[in-house]
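**Q** Following the working numbering, the numbering of the sequence shown begins with 2 at its first residue and continues without gaps. Each residue gets a CB set at the ideal place from its N, CA and C atoms; glycine is no exception. First the structure, then my questions, so here it is.
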Amino acid sequence: MKKFTFVALLIFGFYSCTSNNKQRGITDQTLIHADEDPGSWLTYGLNYSETRFSKLDQVTDQNAKDLGLAWYFEMGAERGVEATPLVSNGIMYVTGPWSVLYALDAKTGQKLWEYDPQVPKAYGEKACCDVVNRGAALYQDKVYVASLDGRLIALNAKNGSKVWETLTVDQSIPYTITGAPRVIKGKVIIGNGGAEYGVRGYISAYDAESGKQVWRFYSVPGNPDLPFESKALEEAAKTWTGKYWEAGGGGTMWDAMAYDPDLNLMYVGTGNGSPWNRKHRSPDGGDNLYLSSIVALNPDNGEYVWHYQTTPGDNWDYTATQHLILADLPINGEERKVIMQAPKNGFFYVIDRTNGEFISGETFVPINWASHIDYATGRPVENPTAAYNDMPYEAVPGPFGAHSWHPMSFNPQTGLVYIPAQNMSVFMLHDPKYKFNDPKETMALGSGNGMNFGVLLAGGEKAFPNFGKLLAWDPVKQEKVWEVEHFAPANGGVITTAGNLVFQGTSDGRFVAYNAQNGEKLWESPLGTGVIAAPITYELDGIQYITVAAGWGGVTGLSESFSGTQTTGKVYTFKLGGTEALPEFPKKKSNPRLSGVTYQIDSEADVILGTKHYINYCMICHGYPAAGQGGRIPNLGYSQTEVIQNLEAYVLNRALASKGMPDFTGRLTESDVEKIKAFIQITADTSPQ
Ligand code: CA
């Protein structure tokens, strides 16, 4: 029987699903036909086209109201959960904070094993956006996970024993990995992040069996005094000015990939410029290739084939690392092979994936940095005031984007793309004192932690209110078909199914099913914490399951203030008629305002210095004191008196090292810490209640 299954797998590229744990190797053909196997979810986006459309149709728009909990798994995680789980051979592989991989029985949620790569907690400081991980990859008999500190690790998929581990980054430079690897033709492909910290982006391929590096593609040119790694980078260097290589340039490829086996092209989205502010990055202008671009590569050798740049001369952290989806669409009566993206900059793009030709691009939410795309050139027409200089400019979208990494999905039955869209506009202002890796003069957020924006984040009266929406978008007509307004921005990724359904979790802690055609809400369940990850679905023993990993991270406490509850990261799985009870969701407790901290300062001017240190070193994680209760990382305006009274212990003496609190020795002195204490207590005393 085992032998037959293996042969069938080779011949047909799929196999019938049973619930036993027989180990079956995942081949190139299995991955090419990944969405034909109902028992599995084998790769991050369900298939190489990354459509996240499941053909399962047991759960439908008619019966979704009967969904109930089948099981839940307690990660115990206190930071953000962004993973898309994978399912193969009845085992679910899901990652949590600090790149920990859990293997669960997909029918019961029982933990089979766990792999913790033991990321040093001090490394967490280098992660701009929490110590998250978006998932694993499967190939042959192995499961692959990349760790926050830049290692790519191959494990035996059955028992979690380590097969190999390869370091993919120079750990002395603030590279991080939060993305899910993909496997193409026996190579495990992974990029990295760090464009907020002054790194040079690249993506690499490793042999799936041995872990040896096969190729590497850099998205931006290095020092032109050294040989260029490729002709493509020699060309790119002509679009940069000044000493761009000193601050890395950015362009990190930290999330989106897709692959077309017929064209033998893989696609990757590149990130923002480093620093954000182009006046500092490339002072005499230029498009700064290949920032904020969709790039097509030959997966055999990593060679550049074509690119389309969404935001030439990026100035606003407008990454194009967002979800890439491949589809064949009827465009003006002709079937076109397209690639679709809704990057941070607010345009929905349809691009010819054979050659990178621009087909169409329209705004999916209101924006103000560009008026439109010139269809003759495929370039955006920038609003002149968007190049912030002496006046704070309300960037719409702001650096959080009109859509971030939260996966979309494309349903070929409705012809619609479902987009977790949002607005969180931010006032940006040129920082004339910016110098690479030098926080002394500037008061830029996070500069003492190595963040290199070149931008001061200013305050102002917002003309564009925050929102979060689920948008159903017709990519052919480039128009909205329906939308659901959420309570707040930063909602979860989505899937869509042949049951005419769309599933999405929300930042206010709910998991919801919608009618894919018209957006009607059909069912919802509370999950106790905000959801940012995307769901999956799979079928075992004739039962369709729907799973989502939930866990709101870090800083803001937004989720808790919306849901009123605060709970650790969990994996929830639902089925029709499920009768498991949801766990208890503890009410978010409200702490009293900080009081009674004493501090030693010499003058009022020291409070100003304390403010500067706080903005440079503390605010990126702890927020502004007394502006909200905070999330998993506390707001210091609501700390217990003795915590702030003994601030040196945490800032300089590693008392909270195990939680990921950085060591600021060498960056801050004891006298600096006194000034920070003064700022926190005075702000807590004087902020409106
Ligand atoms: Ca960024």
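Under 8 Å, with one C-beta from each stretch per pair, do the segment 483-498 and the segment 433-451 reach the 3-pair mark?
**A** At 8 Å Cβ cutoff, the stretches do not touch.
**Q** Return the bridge partner residues of ASN424 from the DSSP annotation.
**A** Along the sequence shown, read from residue 1 onward, the residue named residue 424 stands at position 423. According to DSSP, ASN424 bridges with PHE468.
**Q** Indicate, with yes or no, if ligand 1 has a heavy atom lying under 7 Å from the CB of THR179.
**A** For this step, residue 179 is matched to residue 178 along the sequence shown. Checking the Cβ of THR179 against ligand 1 gives no.
**Q** Any idea what DSSP makes of VAL652, helix, strand or coil?
**A** Stepping through the sequence shown from its first residue, residue 652 is reached at position 651. Of the three classes helix, strand and coil, the one that applies to VAL652 here is helix, per DSSP.
**Q** Whole angstroms are fine: how far does the CA of PRO393 sit from the CA of GLY461?
**A** One-based indexing of the sequence shown puts residue 461 at position 460. One-based indexing of the sequence shown puts residue 393 at position 392. Their Cα atoms are separated by approximately 8 Å.
**Q** Would you grab the beta carbon distance between GLY510 and PHE428 for me? Rounded to a whole angstrom, and I think it's under 8 Å.
**A** Against the sequence shown, residue 510 aligns to sequence position 509. Against the sequence shown, residue 428 aligns to sequence position 427. Actually they do not touch by this definition, with Cβ atoms about 29 Å apart.
**Q** Enumerate in chain order the residues of its own chain whose CB-to-CB distance from GLN423 is below 6 Å, with the five nearest sequence positions on each side excluded.
**A** For the purposes of this step, residue 423 is taken as the residue at position 422 of the sequence shown. Within the same chain, GLN423 has close Cβ partners GLY469, PRO490.
**Q** For the putative contact between PRO663 and ALA209, defined by C-beta atoms under 8 Å, what is the C-beta separation to the nearest angstrom?
**A** Along the sequence shown, one-based indexing puts residue 663 at 662. Along the sequence shown, one-based indexing puts residue 209 at 208. Wrong, their Cβ atoms sit about 35 Å apart, outside the cutoff.
**Q** Shortest alpha-carbon distance to ALA35 belongs to which of VAL296, GLY272, ALA138?
**A** On the sequence shown, residue 35 is found 34 positions in, with the first residue counted as 1. Taking only the C-alpha atoms, the option nearest ALA35 is ALA138.
**Q** Once DSSP output is grouped into helix, strand and coil, what is the label at PRO98?
**A** To locate residue 98, count along the sequence shown from 1; it is residue 97. The answer is helix: DSSP assigns PRO98 an H, G or I state.
**Q** Which runs of the alpha helix (DSSP H) spanning at least 4 residues fall entirely within the segment 286-364, listed in chain order?
**A** Runs found: none.
**Q** With contact counted as at least three CB pairs below 8 Å, one residue from each stretch, are the segment 104-116 and the segment 153-162 in contact?
**A** Counting Cβ pairs under 8 Å, three or more are found: they touch.
**Q** Using a threshold of 7 Å, is the CB atom of ASP693 nearer than that to any non-hydrogen atom of ligand 1?
**A** Summary: the structure shown does not reach residue 693, with the chain confined to residues 2 through 690, and so no result is reported for it.
**Q** Between which two residues does the alpha helix (DSSP H) harbouring ASP150 extend?
**A** Here residue 150 refers to the residue found at position 149 of the sequence shown. Where ASP150 is concerned, there is no enclosing alpha helix (DSSP H), given that its DSSP letter is neither H nor E.
**Q** Give every residue of the same chain whose Cβ lies closer than 8 Å to the Cβ of PHE229, excluding the five residues on either side of it in the sequence, and list them in chain order.
**A** As a position in the sequence shown, residue 229 is number 228, starting the count at 1. Excluding residues within five positions, the ones whose Cβ falls inside 8 Å are PRO222, GLY223, GLU235, ALA238.
**Q** Whose C-alpha, out of ASP142, ASP150, TYR145, GLN141, is nearest the C-alpha of VAL133?
**A** Along the sequence shown, read from residue 1 onward, the residue named residue 133 stands at position 132. Checking every option, the nearest Cα to that of VAL133 belongs to ASP150.
**Q** With 16 other CB atoms within 10 Å as the buried threshold, where does ASN1 fall?
**A** Lying outside 2 to 690, the shown extent of the chain, residue 1 is not represented and no answer is given.
**Q** So, do the segment 653-668 and the segment 605-612 have three or more beta carbon pairs nearer to each other than 8 Å?
**A** Touching, no.
**Q** Residues around ligand 1, please: the condition is that the C-beta lies closer than 5 Å to some non-hydrogen atom of it.
**A** Taken from the N-terminal end onward, the list reads ASN273, ASP318.
**Q** Residues bridged to GLY570 by DSSP?
**A** As a first step, residue 570 is located in the sequence shown; it is residue number 569 there, counting from the start. DSSP lists ALA78 as partners of GLY570.
**Q** Excluding sequence positions up to five away, which residues of its chain have a Cβ less than 6 Å from the Cβ of TYR600?
**A** To locate residue 600, count along the sequence shown from 1; it is residue 599. Once the five neighbours on either side are set aside, the close Cβ partners of TYR600 are GLU675, LYS678, ALA679.
**Q** Per DSSP, what kind of secondary structure is PHE504 in: helix, strand or coil?
**A** In the sequence shown, residue 504 corresponds to position 503, counting from 1. In this structure, PHE504 counts as strand in the three-state DSSP scheme.
**Q** Using a Cβ-Cβ cutoff of less than 6 Å, which residues in the same chain neighbour TRP553 once the five nearest sequence positions on both sides are dropped?
**A** Counted from its first residue, the sequence shown places residue 553 at position 552. Answer for TRP553: THR530, GLY531, SER560, listed in chain order.
**Q** Considering ALA30, what are the terminal residues of the alpha helix (DSSP H) in which it resides?
**A** The residue you call residue 30 lines up with position 29 of the sequence shown. Here residue 30 turns out to be Gln, not Ala, going by the sequence shown. That run of the alpha helix (DSSP H) goes 29-33.
**Q** Who does TYR515 pair with in a DSSP beta bridge?
**A** Walking along the sequence shown from the start, residue 515 turns up at place 514. TYR515 pairs with VAL503, LYS522.
**Q** Note down the Cα distance separating ALA473 from VAL418, rounded to an integer number of angstroms.
**A** Numbered from 1 along the sequence shown, position 472 holds the residue referred to as residue 473. Numbered from 1 along the sequence shown, position 417 holds the residue referred to as residue 418. Going by the C-alpha atoms only, they are around 6 Å apart.
**Q** When the Cα atoms are used, what is the spatial distance from GLY451 to ILE178?
**A** Your numbering for residue 451 matches position 450 in the sequence shown. Your numbering for residue 178 matches position 177 in the sequence shown. Going by the C-alpha atoms only, they are around 17 Å apart.
**Q** Starting from GLN214, follow its DSSP beta bridges and name the residues at the other end.
**A** Along the sequence shown, read from residue 1 onward, the residue named residue 214 stands at position 213. GLN214 is bridged to TYR207.
**Q** Between TRP165 and ALA155, which are expected to be in contact by the criterion C-beta below 8 Å, what is the C-beta distance as a whole number of angstroms?
**A** Position 164 of the sequence shown, counting from 1, holds the residue named residue 165. Position 154 of the sequence shown, counting from 1, holds the residue named residue 155. The pair is a contact, with the Cβ atoms about 5 Å apart (cut-off 8 Å).
**Q** For MET341, which option in LYS576, PHE365, GLY303 has the closest C-alpha, if you only look at C-alpha atoms?
**A** In the sequence shown, counting from the first residue as 1, residue 341 sits at position 340. For MET341, the nearest C-alpha among the options comes from PHE365.
**Q** Going straight from the alpha carbon of ALA685 to that of GLY565, what length do you get?
**A** For the purposes of this step, residue 685 is taken as residue 684 along the sequence shown, with counting starting at 1. For the purposes of this step, residue 565 is taken as residue 564 along the sequence shown, with counting starting at 1. Going from the Cα of ALA685 to the Cα of GLY565 covers about 23 Å.
**Q** With DSSP as the reference, please indicate the residues paired to ALA396 in a beta bridge.
**A** On the sequence shown, position 395 is the one that residue 396 refers to. Looking at the DSSP assignment, ALA396 forms a beta bridge with VAL427.
**Q** With a threshold of 7 Å on Cβ separation, who are the neighbours of GLN172 within its own chain once the five nearest residues in sequence on each side are excluded?
**A** As a position in the sequence shown, residue 172 is number 171, starting the count at 1. Only ASP150, GLY151 meet the Cβ criterion.
**Q** Pick from ASN90, GLN119, ILE326: whose alpha carbon is nearest that of VAL101?
**A** As a first step, residue 101 must be located in the sequence shown, where it is residue number 100. Considering only alpha carbons, the answer is GLN119.
**Q** What are the start and end residues of the beta strand (DSSP E) that includes ALA679?
**A** Residue mapping note: residue 679 aligns to position 678 of the sequence shown, counting from 1. Segment 671-687 is the alpha helix (DSSP H) holding ALA679; no beta strand (DSSP E) there.
**Q** Taking its Cβ as the centre, do 16 or more other Cβ atoms sit within 10 Å of LYS3, making it buried, or is it exposed?
**A** For the purposes of this step, residue 3 is taken as residue 2 along the sequence shown, with counting starting at 1. Residue placement at LYS3 cannot be trusted, given a pLDDT of 35 that sits under 50; what the coordinates show is reported in the next sentence. Answer is exposed; the Cβ neighbour count stays below 16.
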